[in-house]
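Asks:
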Amino acid sequence: MPIKTYRQAINEAMAMEMRRDSTVIVIGEDVAGGAGCSGDRDAYGGVMGVTKGLFPEFGEARVIDTPITESAIMGAAAGSAQAGLRPIAELMFMDFLGVCFDQIYNQAAKFRYMFGGKAECPMVVRTMAGAGLRGGAQHSQNLTQMVTMVPGLKVVCPTNAYDAKGLLIQAIRDNDCVIFVEDKFLYETSCEVPDEDYTIPFGEANFLREGSDVTIVGISNTVNKAVAVADRLAAEGISCDVIDPRTTSPLDEDAIIESVETTGRLVVVDEMTPRCGLAADISSIVAEKAFGALRAPIKKVTAVHSPIPFAPDLEDAWMPQEADIEAAVREVMGYK
Amino acid sequence: MSLDKKQFLDAYRTMRTIRDFEYRVSDEFGKGNIPGFLHLYAGQEAIASGMCAHLTDDDYIMSTHRGHGHCIAKGGDVGEMMKEIMGKEGGSCAGKGGSMHIAAIEKGMLGANAIVGGGPPLIVGAALANKTLGTDRVAVSFTGDGGSNQGTTFEAMNLAVVLKLPAIFMFENNGYGEGTAADYSVGSKDIAGRAAAFGMPALKVDGADIFAVYDACKEAVEHCRAGKGPITVEASITRFRGHFEGDAQAYREKGEVKRLMEDMDCLKIARANAIKKKLATKAQLDKIDKEVAEYIAESAEAGLAAPQPSVSELMTDIYSSEY
Ligand SMILES: Cc1ncc(C[n+]2csc(CCOP(=O)(O)OP(=O)(O)O)c2C)c(N)n1
Numbered sequence: 001m002p003i004k005t006y007r008q009a010i011n012e013a014m015a016m017e018m019r020r021d022s023t024v025i026v027i028g029e030d031v032a033g034g035a036g037c038s039g040d041r042d043a044y045g046g047v048m049g050v051t052k053g054l055f056p057e058f059g060e061a062r063v064i065d066t067p068i069t070e071s072a073i074m075g076a077a078a079g080s081a082q083a084g085l086r087p088i089a090e091l092m093f094m095d096f097l098g099v100c101f102d103q104i105y106n107q108a109a110k111f112r113y114m115f116g117g118k119a120e121c122p123m124v125v126r127t128m129a130g131a132g133l134r135g136g137a138q139h140s141q142n143l144t145q146m147v148t149m150v151p152g153l154k155v156v157c158p159t160n161a162y163d164a165k166g167l168l169i170q171a172i173r174d175n176d177c178v179i180f181v182e183d184k185f186l187y188e189t190s191c192e193v194p195d196e197d198y199t200i201p202f203g204e205a206n207f208l209r210e211g212s213d214v215t216i217v218g219i220s221n222t223v224n225k226a227v228a229v230a231d232r233l234a235a236e237g238i239s240c241d242v243i244d245p246r247t248t249s250p251l252d253e254d255a256i257i258e259s260v261e262t263t264g265r266l267v268v269v270d271e272m273t274p275r276c277g278l279a280a281d282i283s284s285i286v287a288e289k290a291f292g293a294l295r296a297p298i299k300k301v302t303a304v305h306s307p308i309p310f311a312p313d314l315e316d317a318w319m320p321q322e323a324d325i326e327a328a329v330r331e332v333m334g335y336k
Numbered sequence: 001m002s003l004d005k006k007q008f009l010d011a012y013r014t015m016r017t018i019r020d021f022e023y024r025v026s027d028e029f030g031k032g033n034i035p036g037f038l039h040l041y042a043g044q045e046a047i048a049s050g051m052c053a054h055l056t057d058d059d060y061i062m063s064t065h066r067g068h069g070h071c072i073a074k075g076g077d078v079g080e081m082m083k084e085i086m087g088k089e090g091g092s093c094a095g096k097g098g099s100m101h102i103a104a105i106e107k108g109m110l111g112a113n114a115i116v117g118g119g120p121p122l123i124v125g126a127a128l129a130n131k132t133l134g135t136d137r138v139a140v141s142f143t144g145d146g147g148s149n150q151g152t153t154f155e156a157m158n159l160a161v162v163l164k165l166p167a168i169f170m171f172e173n174n175g176y177g178e179g180t181a182a183d184y185s186v187g188s189k190d191i192a193g194r195a196a197a198f199g200m201p202a203l204k205v206d207g208a209d210i211f212a213v214y215d216a217c218k219e220a221v222e223h224c225r226a227g228k229g230p231i232t233v234e235a236s237i238t239r240f241r242g243h244f245e246g247d248a249q250a251y252r253e254k255g256e257v258k259r260l261m262e263d264m265d266c267l268k269i270a271r272a273n274a275i276k277k278k279l280a281t282k283a284q285l286d287k288i289d290k291e292v293a294e295y296i297a298e299s300a301e302a303g304l305a306a307p308q309p310s311v312s313e314l315m316t317d318i319y320s321s322e323y
């Protein structure tokens, strides 16, 4: 099977769906990049080059560069979704959610319900999250928790190229508003990705490692860190179940609970702030539904409750690292 | 009458300081000494310098992701700025902000903003404070052509008009928002005309000419200080660098940047005009260039030598009280 990067997999999913369905459009800032300029009209393909090549193939009617105007982008996507298109709207950095959140959580997420099931919002918001690039407090946040709490939105967090392609095709075909959160650290990572189209259903967790001592649940790139830790600990005889829920809404609660019922220990990792976050949410679900199986207190590994600092040493200290995950596993293993 | 001798030399020094600062941070970025994203102001120096020449430390400005020039023009400490951009202890934001959040709060430079369109609403607030407190201070937002399209900017302009606030909306139209041309993204083709439609006066100026910028800004600041409400200035200018350092700029025509750097360099234009107007001699200007070069070199060396903030600083300054 061919090896593709996360970036290529996402690009391929969009191109394939645009070929298959002429109502799929891409709209956002610099999604081609070069509109109105005298140089290359497809110069950017989004800041991270993820949409590059779509403009030459599909043209300006379907790959639409917008002004810097997030509310209008999200509103236009939601409105066009109600009126027959299947837009993929790019929100350049997830941090800009605040600028356009009303169009997402009060509008796109609520059409179907408020209008008695008679309206539809088949749109995808592709966005990019995550710290570690020294982007500072307004360019490094992962706000997946904010969208996960909104009924009506589906939320996807692909952690590798294979999942990214299958989940994005699923998202484009889905009839609800899907927030597709790409981790900016993963664009250059690669794995085997089929050329054909395939879908991965929402709400089905992926077991990356199977083990009997500790369940580790990660979100986004923290899953990959958890796998590295699990592999190291396996050499010492500590065996971990590593679960990637892949979608935070819907969330595969059953997979997590079943795992905790065999291991009796849970470490939950996310790269968000600790209060009211996904790690807190998953912890509470397990505490409520699998309390009897627990042999140790649940351990959350998250960022700290502060904005994201710029200085590299501080940012590294802010982010959950493999060493933090490892320490958490040892702590739950050592609980008496 | 525009800039006298002393005013010109001051403005020229500011422009030169910004240019040298930007080229030095570009070099350091290339060597891996600056983390994160870097958006340089090179080419646009006349605008920040021409505006801030009319402001005191009591007046407020707010900036964008391209904030180094505004910060220097408002009197920010260059040494602290260097440290900040390098993520070092002693930086203007204690190493927590970086390039996109450069600030000099004590000088009335209330911060660079990495959210496009984040600044204009805030500057309306600063202008509101100025008016409510009965001062004659003014508040200036610097915004790009790209930022001129944000809803936040429209709302801010309208509110400033409604409340008749001493706010100046300075738009630096450098032709691009990342890789998209202003000709495409600004539907009205004219930011000043849009501002006028909100009900405020709007001036247009050649942003490469420090004399013209200085005069337009003088009018704008006087308008606000006299309590006549908000005003807009649209300055046209070119961006010498990519959107960010490392931007290949494929969206620009081959040779475009080179040509603009030859024809539209505000420093070259300033030198030529000043000598013609007998405001300065070549020797005087060369002396300033030399002094600035030394000053920037010292600041950069000090920045490189400084340590990163201690990790114990991670949880400080989140709240103003014990949490
Ligand atoms: C709300 C928001 N949207 C998008 C971006 C990404 N972005 C950063 S700078 C920029 C271009 C800004 O263009 P302009 O306002 O013309 O300023 P210039 O870069 O030309 O100085 C964009 C799109 C952002 N930082 N914030």
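So the protein sequences, as listed, match chains A and B.
Counting from 1, one number per residue, gives the positions in the first sequence under UniProt numbering.
Counting from 1, one number per residue, gives the positions in the second sequence under UniProt numbering.
Think of the CB as a built atom: it goes at the ideal place given N, C-alpha and C, for glycine as much as any other residue.
Quantities reported herein were computed from a predicted structural model and do not represent experimental measurements.
1) Tell me which same chain residues have a C-beta within less than 8 Å of the C-beta of A323/A, skipping the five on either side of it?
2) What residues from chain B crowd round A317/A, counting only those whose CB sits closer than 9 Å?
3) DSSP on T152/B, reduced to helix/strand/coil?
4) Would you check if there are 3 or more beta carbon pairs closer than 8 Å linking the segment 79-90 of chain B to the segment 160-177 of chain B?
5) At a threshold of 7 Å, does D102/A count as lining ligand 1 (C-beta to nearest heavy atom)?
6) My output table needs one value for D252/A: the three-state DSSP class, helix, strand or coil.
7) Taking the straight line between their C-alpha atoms, what separation do you get for A248/B and K258/B?
8) Could you have a look at C55/A and say whether DSSP puts it in helix, strand or coil?
9) Pull up the distance between the alpha-carbon of V227/A and that of V242/A, whole angstroms please.
10) Could you say which of A129/A, A137/A and R134/A lies nearest to V147/A if we only look at CA atoms?
11) Using a Cβ cut-off of 8 Å (strictly closer), state whether E29/A contacts chain B.
12) Could you have a look at I168/B and say whether DSSP puts it in helix, strand or coil?
13) What span of residues does the alpha helix (DSSP H) with N221/A cover, start to end?
14) Between I238/A and chain B, is any beta-carbon pair separated by less than 8 Å?
15) Check each residue of the segment 33-55 of chain A: if its Cβ is closer than 9 Å to any Cβ of chain B, include it; give the result in chain order.
16) Just to check my reading of the structure: F244/B and F21/B have Cβ atoms closer than 8 Å, yes? What is that Cβ distance to the nearest angstrom?
17) Is the Cβ of R275/A closer than 8 Å to any Cβ of chain B?
18) Check whether the Cβ atoms of G117/B and Q150/B sit closer than 8 Å, and answer yes or no.
19) Considering only residues of the same chain and omitting the five flanking positions on each side of S80/A, which have a CB-CB separation below 6 Å?
20) Among the candidates D95/A, I238/A, P122/A and M114/A, whose CA atom is the shortest distance from the CA of V24/A?
21) Assuming V186/B and S141/B form a contact by the criterion Cβ under 8 Å, report the distance between their Cβ atoms to the nearest whole angstrom.
22) Could you check whether the Cβ of R66/B sits closer than 7 Å to any heavy atom belonging to ligand 1?
23) With a CB to CB cut of under 6 Å and the five nearest residues on each side skipped, what residues in its chain are close to S140/A?
24) Shortest alpha-carbon distance to G179/B belongs to which of F101/A, Q8/A, S38/A and D95/A?
25) Beta carbon of A114/B: closer than 7 Å to some heavy atom of ligand 1?
26) Mapping the DSSP letters down to three states, classify T273/A as helix, strand or coil.
27) So, at 7 Å on beta carbons, what are the nonlocal neighbours of R209/A in its own chain, with the 5 sequence-adjacent residues on each side left out?
28) Please list the segments of the alpha helix (DSSP H) lying wholly inside the segment 29-54 of chain B, counting only runs of 4 or more residues, in order along the chain.
29) Taking 8 Å as the threshold (beta carbon to beta carbon), is T56/B in contact with chain A?
30) Check M146/A in the structure and name its three-state DSSP category.
31) By the 10 Å Cβ neighbour count, where 16 or more other Cβ atoms means buried, how is F207/A classified, buried or exposed?
32) In terms of DSSP beta bridges, what is C177/A paired with?
33) Residues of the segment 87-116 of chain B in Cβ contact with chain A at a cutoff of 9 Å, in chain order, please.
34) Short check: CB of V332/A to CB of V301/A, under 8 Å?
35) What are the start and end residues of each continuous beta strand (DSSP E) run of 3 or more residues lying completely inside the segment 169-220 of chain B, in chain order?
36) Would the C-beta of M14/A count as close to ligand 1, meaning under 7 Å from any of its heavy atoms?
Replies: Taking the structure as given:
1) none
2) V311 and L314
3) helix
4) no
5) no
6) coil
7) 14 Å
8) A small correction: the amino acid at residue 55/A is Phe; Cys does not occupy that position in the sequence shown. Note: F55/A maps to helix in three-state DSSP.
9) 7 Å
10) A129/A
11) yes
12) strand
13) N221 to A234
14) no
15) G33, G34, A35, G36, C37, S38, G39, D40, R41, D42, A43, Y44 and V47
16) The Cβ separation is near 16 Å, so there is no contact.
17) no
18) yes
19) P87
20) P122/A
21) Not a contact, Cβ separation roughly 17 Å.
22) yes
23) A131 and I308
24) S38/A
25) yes
26) coil
27) V227, A230, C240, D241 and V242
28) 45-52
29) no
30) helix
31) exposed
32) L153/A
33) G87, K88, E89, G91, C93, A94, G95, K96, G97, G98, S99, M100, H101, N113, A114, I115 and V116
34) no
35) 202-206
36) no
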